[in-house]
Structure formats: C-alpha cells, structure tokens
Amino acid sequence: MNAALTPFVESMQDAALAPRLPGSGLAWLDSARATALQAFVQRGLPEVRNELWKYTTLRALSQRRFAAHDAEAAMRMVPPSMLPAVAGDAVRVVFVNGVFRPDLSTSDRLPEGARLQPLSQALREQPEPLRFLLGAQDSEDDGFTLLNRALATEGVILRVEAGTKVAAPLHIVHVGLAGEREAAWHLRSLIELGEDASLDIVEHHVGESGAGHLANLVRDINLRDEARLGWTVVQTAGTEAILLRRCDCRLGDAATLDFHALELGGKLARHEVRVDLAGARARFSSRGAFVLHGRQHADTEILVTHRGRDTVSDSLWRGVADGRGRGVVHGRIMMQPGADGAEGGFYNKNLLLSPDAEIDTRPALEIYADEVKANHGATVGQLDENVLFYLRSRGIPLDMARRLLVRAFCAVTLDGIEPPALREHCGALLAAQLPESMA
Amino acid sequence: MATQPGEVQAALSRRYGAGFVTDIESHSLPPGLDEDTIRALSAIKEEPEWMTEWRLAAYRRWLKMTPPNWAHLKLGPIDFQAISYYSAPKNKPKSLDEVDPKLLETYDKLGVPLHERAKLAGVAVDAVFDSVSVANTAREQLAKVGVIFCSMSEAIREHGELVRQYLGTVVPQGDNFFAALNSAVFSDGSFVFIPKGVRCPMELSTYFRINAGHTGQFERTLIIAEESSVVSYLEGCTAPMRDENQLHAAVVELVALEKANIKYSTVQNWYPGDENGKGGIYNFVTKRGECRGDDSRITWTQVETGSAITWKYPSCVLRGDRSVGEFHSVALTNHFQQADTGTKMIHIGRDTKSKIVSKGISAGRSQNSYRGLVKVEKGALNARNHTRCDSILIGKKCGSHTFPYMEVKNPTAIVEHEATTSKISDDQLFYCRSRGIGEEDAVSMIVDGFCKQVFRELPMEFAVEAKKLLEVSLEGAIG
Numbered sequence: 001m002n003a004a005l006t007p008f009v010e011s012m013q014d015a016a017l018a019p020r021l022p023g024s025g026l027a028w029l030d031s032a033r034a035t036a037l038q039a040f041v042q043r044g045l046p047e048v049r050n051e052l053w054k055y056t057t058l059r060a061l062s063q064r065r066f067a068a069h070d071a072e073a074a075m076r077m078v079p080p081s082m083l084p085a086v087a088g089d090a091v092r093v094v095f096v097n098g099v100f101r102p103d104l105s106t107s108d109r110l111p112e113g114a115r116l117q118p119l120s121q122a123l124r125e126q127p128e129p130l131r132f133l134l135g136a137q138d139s140e141d142d143g144f145t146l147l148n149r150a151l152a153t154e155g156v157i158l159r160v161e162a163g164t165k166v167a168a169p170l171h172i173v174h175v176g177l178a179g180e181r182e183a184a185w186h187l188r189s190l191i192e193l194g195e196d197a198s199l200d201i202v203e204h205h206v207g208e209s210g211a212g213h214l215a216n217l218v219r220d221i222n223l224r225d226e227a228r229l230g231w232t233v234v235q236t237a238g239t240e241a242i243l244l245r246r247c248d249c250r251l252g253d254a255a256t257l258d259f260h261a262l263e264l265g266g267k268l269a270r271h272e273v274r275v276d277l278a279g280a281r282a283r284f285s286s287r288g289a290f291v292l293h294g295r296q297h298a299d300t301e302i303l304v305t306h307r308g309r310d311t312v313s314d315s316l317w318r319g320v321a322d323g324r325g326r327g328v329v330h331g332r333i334m335m336q337p338g339a340d341g342a343e344g345g346f347y348n349k350n351l352l353l354s355p356d357a358e359i360d361t362r363p364a365l366e367i368y369a370d371e372v373k374a375n376h377g378a379t380v381g382q383l384d385e386n387v388l389f390y391l392r393s394r395g396i397p398l399d400m401a402r403r404l405l406v407r408a409f410c411a412v413t414l415d416g417i418e419p420p421a422l423r424e425h426c427g428a429l430l431a432a433q434l435p436e437s438m439a
Numbered sequence: 440m441a442t443q444p445g446e447v448q449a450a451l452s453r454r455y456g457a458g459f460v461t462d463i464e465s466h467s468l469p470p471g472l473d474e475d476t477i478r479a480l481s482a483i484k485e486e487p488e489w490m491t492e493w494r495l496a497a498y499r500r501w502l503k504m505t506p507p508n509w510a511h512l513k514l515g516p517i518d519f520q521a522i523s524y525y526s527a528p529k530n531k532p533k534s535l536d537e538v539d540p541k542l543l544e545t546y547d548k549l550g551v552p553l554h555e556r557a558k559l560a561g562v563a564v565d566a567v568f569d570s571v572s573v574a575n576t577a578r579e580q581l582a583k584v585g586v587i588f589c590s591m592s593e594a595i596r597e598h599g600e601l602v603r604q605y606l607g608t609v610v611p612q613g614d615n616f617f618a619a620l621n622s623a624v625f626s627d628g629s630f631v632f633i634p635k636g637v638r639c640p641m642e643l644s645t646y647f648r649i650n651a652g653h654t655g656q657f658e659r660t661l662i663i664a665e666e667s668s669v670v671s672y673l674e675g676c677t678a679p680m681r682d683e684n685q686l687h688a689a690v691v692e693l694v695a696l697e698k699a700n701i702k703y704s705t706v707q708n709w710y711p712g713d714e715n716g717k718g719g720i721y722n723f724v725t726k727r728g729e730c731r732g733d734d735s736r737i738t739w740t741q742v743e744t745g746s747a748i749t750w751k752y753p754s755c756v757l758r759g760d761r762s763v764g765e766f767h768s769v770a771l772t773n774h775f776q777q778a779d780t781g782t783k784m785i786h787i788g789r790d791t792k793s794k795i796v797s798k799g800i801s802a803g804r805s806q807n808s809y810r811g812l813v814k815v816e817k818g819a820l821n822a823r824n825h826t827r828c829d830s831i832l833i834g835k836k837c838g839s840h841t842f843p844y845m846e847v848k849n850p851t852a853i854v855e856h857e858a859t860t861s862k863i864s865d866d867q868l869f870y871c872r873s874r875g876i877g878e879e880d881a882v883s884m885i886v887d888g889f890c891k892q893v894f895r896e897l898p899m900e901f902a903v904e905a906k907k908l909l910e911v912s913l914e915g916a917i918g
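If you read the sequences in order, they're chains A and B. Residue 115 in the numbering used here is what sits at position 115 of the first sequence, and the numbering runs on without skipping anything. So the number in the numbering used here is just where the residue sits in the second sequence, counting from 1, plus 439.
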C-alpha cells in the first residue's frame, strides 16, 4: 500500500529521475537506489506514531516541495564570516548547498595515513569498497535514511589508517545559501578510524537567514580497537533551514568517542545519534546544549547500546526554550546481555523561559543484563529566584543576572571541547544566542 | 552465588497458593462476541435500555480499533471470539447466609473470610466471583451514613441516574482498545458513592477472582467522592491455575470533587503462569482518576506480583486547582512474566502537585517496564512533579526498563525525574550473610527494604499481605 502521495514525496520522486546521481550505471547501486526509493514512497515520512519521532511532526513538511539540487551551488559566493577558523592549522572541507567545493577546501593537506574523498569522487574512482555501505538495506531505516539511500549525491569518505594520529582538527563546514528555489540535498558520509588512530572533527552548520532548504545527512562512524574520535557539532544554520541528521557509530575494544554539540540555529533541527559500544571497554561521552527561540524546533535523540563488557557511556544535555521554541530530548541507554560491568548515565536539564515554549524530555533505560549500573535523570524548570535575588543584591541588573545564569547553565556542556579556541568560539556563540527577552 | 540443591528443589516445588478451582455450577454465555451477545448479557443483568445502547455504542467503536502495540510486551494475537463474556454462579444469593458455602470456602482459602473481615477488621468486602458480585458485607452500616457500596449491576438498576451521570466521564468509551471492549461487555465491579462531607467509616474492599475456564473478566468500578468526603478502597485479585491465558480487561474510574480524598490500593496476584511461561492472566487495565474539584487528592498504591502480562497505568487528571495526585507502585516479575506499568499525571489546574514512586524487581526471565507520562498543560501554573523509579535485577536473563515521558508547556512548572537500575549490591548481601542470614532471607530483606516506601502507603493488613506475596513470588529466583 502506498502512503498518500504528498507533495513532498512527489518532489522526491521527481528528484530521483534527474540523471545526475554519481555512480549511476553501477548495477548494484542503481538497484539499491531504486529499492530504497520504492520503500520510501510506500512508507512516506516518519510519523509521530514512531516512538523516535513522537514529538516531531512532519505534517507541514509533507506539504512542501523541494528542488532536486541547487544548480548554482558550485559557483555561489560564500561570505568569509561563514567559514570561521576554529584552529589555525585545521584542514577544511566545505559543502555549499550540498555540493563539495574544492576551491574552499584544503583536504589535500591531510597528513600521511589519512585519506579523504568526496563521495562523488569515490564513486567515480573506486566504488567497490562502498558497496557494503550503499548497497545494503537496514531494518532500522526510517523515511529519511531511505531517501538518503535513494538520493545521496555527496558526502565525506574518510579513512584514517591504523596508528595514525592526526594532530590538526578536520573542519567540515556545511553552508546553506539562498537559491532560486528551495532545494533538498542528501549527504552520505563514512568515517573510519583504524586501530589506535586518533582524529578530531569539527562539524559546522552555517547558513543565511531566510534561506529555506532541507539537508538530510546520514553518517557512519566506525572506530576500530583503541581508536579515538573527538567530534564537535556546532549548528548555527539559517532561520529557515531544516536539518535532519543521523549518525550510526560503532566502537571496537577500548575505542573512545567524545561528542559535543551546540544546537542554536535552524527551524527544525533533528539529530539522531546511535552509538553501539560493541567492543569491551569502549567509551562514549556526550555533552550538548540547545538554545531555542522564535518557532525553532530541536530534537536530539541519543541512543546508546552497550554490548561489550565494561563499556561506559555518560551524557549530559542542557536545553533552553524561549519564545515558541520546542525542545525534544530522548536519551536511551540499552544494555544487552553480556554487557557485564557496563555503566551508563544520561542527564538532561532544561529551562523553560516562555509560556509558549515547550520541552519534551524522555530518558529511557532498557536493561537486559544484571551486572550493570544505569542511571538517568531529567528536569524541567526555571531559573532559581533565590539565586537571581542574590545576584541583584550584589548590584547586578536583573537582565544581566538572568543571562549569566542561563549561560552558566549551558556552559558545563562546553567543558572538554578541544582546542580551547573552539571552546571560546562556542562560548561566544552561546552568549550571542541567549533568549530575546533577555537581550 | 551458590545455592544448595535442597533449596532449589524446595523452591521449584512451591506452587501458586491461590491456584485452586472451585467446583460449583455456573451459568455462562457461549464464547463469542457480537451485538446479540451484548444484548443477551444486558438482558441477563436486567439493565435499562440506555445501558444496553451505551454498551452497543462502545462495541461499535471497538470494532474500528486495533490493539495497541507500543508496550514493551511480547504477546500473540488474542482471539476475542474464543472468550466467554459472562460467567456467573447459578444460584444467585439473596443475602450473605445464602451464599454457596463452597464460594465462601474459596474466599476463606484466599484469606478473605467475609464475615470475619467485615466485623473484625472493619472492612466492608464486595467479592466479585467471575462476573457477578456475590456478596457485599456491612452494607447497612454504610447506608446509615449515606455511603453506597454495591455491585455495579445493582447500581445500574438502583442508582441508574448516578451511574449515568458519571460512567465513562473519566475513561470514555473509545479511550483505548481494551477500555472500549470493557465498555461493551463489562460484567460487574464495584460502585462506591460517598456523599458530601462524609468520611467513610471503614475501608472498602473488593476481592476479584477468575474461576471458570475460557472466561474473561471485565470488571468496571466507579468511585465517586463528593465534596469534602474521604474514602479508602482496597482491591485484591487472584485466579486459579490454568494452561490457557485468561483475559482480564478492567476499567476503574475515580471522580474526586472539591476537597475529596480517594485512596485506591491494589494487591494484584492473578495467576502468573507456571515456571515455563505457560498460562496466566493477561491483565490489561485502564485505571484513571480525575481530581475534578479544587483541593482534591487521589492516591494510587499498587503491588503487582501476578499476571502473565500486566499492562496498566493508573493515572490522575489534576483538573482542580491545588489538586494532588500520587502513585506508589511495586511491580515484581519472575519466570516469564511481563509487566509494562506506570502512571500518567496530567496537570491542568493551578498549583497542582504529583508524586511518583515506582519500584521494579525483575527475576527469572521476566521483563519489567516502568512507563510514565508527566504532562503539564499550558494553564497549569506552578505545577510540581517528582518522580523516582528504581529497579533491581535478580538474575542474568531478566530485563528491566524505564520509559518516562515529560511534556511541559508551562514555564512555571518544575518536573523532576530520576531513575536507577542495578542488581542487589554484593556488599549488602555479604553484610547480611556475615551476620548469619541465609541468602534467600537476605535477598528478601533487601527487597523488602527497597519497597518500604511503597508498603508504607498501604493499609496495614494489605501491607502484611503484600510483603508475604513478594517473598513467595521471589522464591526460586535466587541462585
């Protein structure tokens, strides 16, 4: 049975007809794309009946149409302010409206042992190693992953060889600029770190205000034994941007993933991070904050599965919603049989600053092993009047006192961001984003 | 952990204490469900026309609904046509003295001596046997203060207007799949009405028991507490051992008007199935209370040790200003039992408060989930909620899950949730054992301490029973 053919689904079907998908002609790829498209048309967009989409309704989105791509993307001027320098020696990769821009990127400066290719290039030159990634279907696919399978044109294919420690951070910038029509793009990335390799990635989402577009990003991160990845997402996309991101991470023995996120922009920004702690002693830590106003909607899903022995996960999220903003947080810790000695924690605190804002938080534990410890906590509240009074009694004006407190509330999630310059940059972004009513 | 073979043997041979079948003649409708069954059921119960129509309307809605699948439960499809929707002892009792002696014996075995309990413990008992209410004690004493405590069928006949005014106003016919089914075919249950300003002079109690095979029990309870009244209601449940799964789909509605206080306590000990997961009751219950008036309070306390599958979320709708909702729960699962239980607190009025304490214990191969919703609506100024969920796991093959949902739409609300899951601490066990306490006793003591906070909320005689039930249910789980 076909789901109702909404304008959105129709526009995606049209996009699939465009003869510009890289690697088309490869039999296995064409067939995988066709299957995925068919499955998407049947299933449609995820519905609120799906527990992972319970608080993010896509009804409005389903009535919109998006162009298959932005034809001018390769030529558009990018204002320098949109390409912030996070660290002097960072290697930069820039995508403008979903198109890789070699003129703005410096990925050829990566050190020996690390190799980065845009997906389109990898599909032209060596498609076979990507077959396992793009040729498969997954039972956990939802409407957007299926769309991504059907329509992905670009992405980052990054491999770091065993033992390679990349010192300079890799800076991936996604720029959204206004085009003639609202476009949708689908990026598929793969980041693989070999044994004992180490890398830091900074992912920026920036964009022009008022530029409406849909970015659908699907990433796979694979960390082999003892590999370490530091991953920081700074999202200051334009006010009309729709960002749907999903990341599947798999960690081998004693591998480490440090994840930081600052979600400030976009109209609808969703990030689903799935972490599979498959190897023994694998560690995952996540720190993140969102500050919303206007009609912004942010949805963060952190789904951690402990499978290896003595695995550790620990997450700390802060949310601030003002105006008509709506923040959604879902943190699930699942402990599979055999994950003895595992420890998992998920903590989420939120501030609700306006009568029209809403917070929906949902920590969850699914425990199938007994030699484990799992905790979670969540709160929704407001600034402490006593603390405000204290600050005012010390001569700090109310407005400044409130800003100070909100900033301090979120700042704990910035601890541990490396390098320090990036941490300061995030702190400044956070301060600039503090709710309107306090400005 | 080492266990003596003797202990294991003793534990294995322990059987479900309430699993006997009473051999009395009963009158049942043949299995199957259609509009005629409902008309026949309604006719047997001598119900007025409006009631029959109400049931039929619910049935028509139910036909359009599908069973929910979001709960963390594994269960096969239920054949609703294979169930008999009415079963009653053939000799209808007119008074307590006429009650079939075999029935009374059943209740004695269960530990509900009707006469004794009514008089000694000051508890008025309404016993529901399969589908009809067989005896109701201490009614006269209650009638003196204006309290109505009778079976639902009697209430429909004799207090029709009251029932009509309140029935389905808290749990509407189409609320969910099982509530719609219940609305169509509910057989009996309790009806309680506490008039304005009355403090009910004794604890009211109902004991439910499923006896006949192939029957479903669809109990419907309605409690109305008028302005400034106070009532405490206890409910206990058991069922005999059978190989097939039996269905229990109850609806309980509580209405608390201004300054009223309702305390509803449940000890649920339906047959949980055997060690291999065969048989047992499917317990799909919709319980909801509405604090309709200002300053009202509803407290749910539950001890859930039975049933093969429990699917139950006693909820509070806090509509009145300054109303309070509380939920205290102990859910224990062993062998192949599955429980998905919790609560919903819907804050609508100003200055409303809710408190949730949930203790989950899973053993054997069971799955135990807490699922709770705290919702603060836009106008619910200064709403407060605190939720505490703790779970312990006993054994390697069980699962324990926590799914809290918090939806907050008012910036003056404070909502807090915390949860932990772990196994019984080795340090605590070691300490007890070093003091010469056996392993089973030590676990039992630790579990008892873990649940204390909830047991404190139970009326005294129930607390004793609950404690015993936990001990019995846990036996065989340690090793």
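Here a beta-carbon is modelled for each residue, glycine too, at the ideal position from N, C-alpha and C.
The three-state secondary structure of I483 (chain B), taken from DSSP, is helix. Y870 (chain B) is outside the set of residues whose beta carbon lies under 8 Å from a beta carbon in chain A. Annotation: Cβ neighbours of G838 (chain B) in chain A (cutoff 8 Å, chain order): E366, I367 and Y368. A check of alpha carbon separations from K583 (chain B) across B:A618, B:V637 and B:N615 identifies B:V637 as the nearest. Close partners of P850 (chain B) in chain A (Cβ separation under 8 Å): L352, L353, S354, P355, A357 and Q382. The beta-carbon of V886 (chain B) is placed no less than 8 Å from the nearest beta-carbon of chain A. For R188 (chain A), there is no enclosing alpha helix (DSSP H); the enclosing beta strand (DSSP E) has its first and last residue at A183 to L193. Interface with chain A (8 Å Cβ-Cβ cutoff): V796 (chain B) is excluded. For T106 (chain A), the CB contacts under 6 Å within the same chain, skipping 5 residues up- and downstream, are V91 and R92 in chain order. With a 10 Å radius around the Cβ and a threshold of 16 neighbouring Cβ atoms, R181 (chain A) comes out exposed. Just so you know, the alpha carbons of L190 (chain A) and L146 (chain A) end up roughly 16 Å apart. Against chain A, the beta carbon of T841 (chain B) has neighbours under 9 Å at P363, A364, L365, E366, I367, A374 and H376, listed in chain order. Beta bridge pairing from DSSP links M784 (chain B) with B:C755 and B:V813. The continuous beta strand (DSSP E) containing N348 (chain A) extends over residues E343 to L352. Around Q433 (chain A), the same chain offers L264 and V291 as residues with beta carbons nearer than 6 Å, after the five sequence neighbours per side are excluded. Taking C-alpha positions only, A819 (chain B) is separated from A619 (chain B) by approximately 29 Å. In the structure shown, G319 (chain A) falls within a strand segment according to DSSP collapsed to helix, strand and coil. Taking the C-beta atoms as reference points, G331 (chain A) is found no nearer than 8 Å to N350 (chain A). DSSP, reduced to helix, strand and coil, places W28 (chain A) within a helical segment of the structure shown. Taking C730 (chain B) as reference, the option from B:P898, B:G788 and B:R603 with the minimal CA-CA separation is B:G788.
Interface annotation, D360 (chain A): in contact with chain B, CB-CB separation under 8 Å. For A858 (chain B), at least one C-beta of chain A is nearer than 8 Å to its own C-beta. Secondary structure note for W501 (chain B): its alpha helix (DSSP H) is the uninterrupted segment E488 to L502. For L468 (chain B), there is no enclosing alpha helix (DSSP H), as DSSP marks it with neither H nor E. V329 (chain A) sits close to T300 (chain A), with the two beta carbons spaced by under 8 Å. Among the bridge pairs identified by DSSP, L199 (chain A) is matched with A:L229. Within the same chain, and ignoring the five residues on either side of F657 (chain B) in sequence, the residues whose Cβ sits closer than 6 Å to its Cβ are N621, V624, F625, S626 and A688. Taking the Cα of I885 (chain B) as reference, the smallest distance to any Cα among B:R872, B:N722 and B:P506 is reached at B:R872.
Here the alpha carbon of L398 (chain A) sits roughly 12 Å from the alpha carbon of N386 (chain A). No Cβ of chain A is located within less than 8 Å of the beta carbon of I633 (chain B).
Between the alpha carbons of G834 (chain B) and G338 (chain A) lies a distance of about 12 Å. S912 (chain B) counts as buried, since at least 16 other C-beta atoms from the protein chains shown sit within 10 angstroms of its C-beta. Under the criterion of beta carbons closer than 8 Å, V815 (chain B) and K848 (chain B) qualify as touching, at roughly 6 Å. Shown here for R245 (chain A): same chain residues with a beta carbon closer than 6 Å to its own, the five before and five after excluded, namely L217 and H271 in chain order. Neighbourhood of T379 (chain A) in chain B, by CB distance below 8 Å: I853, V854, E855 and H856, in chain order.
Here the alpha carbon of L480 (chain B) sits roughly 14 Å from the alpha carbon of I522 (chain B).
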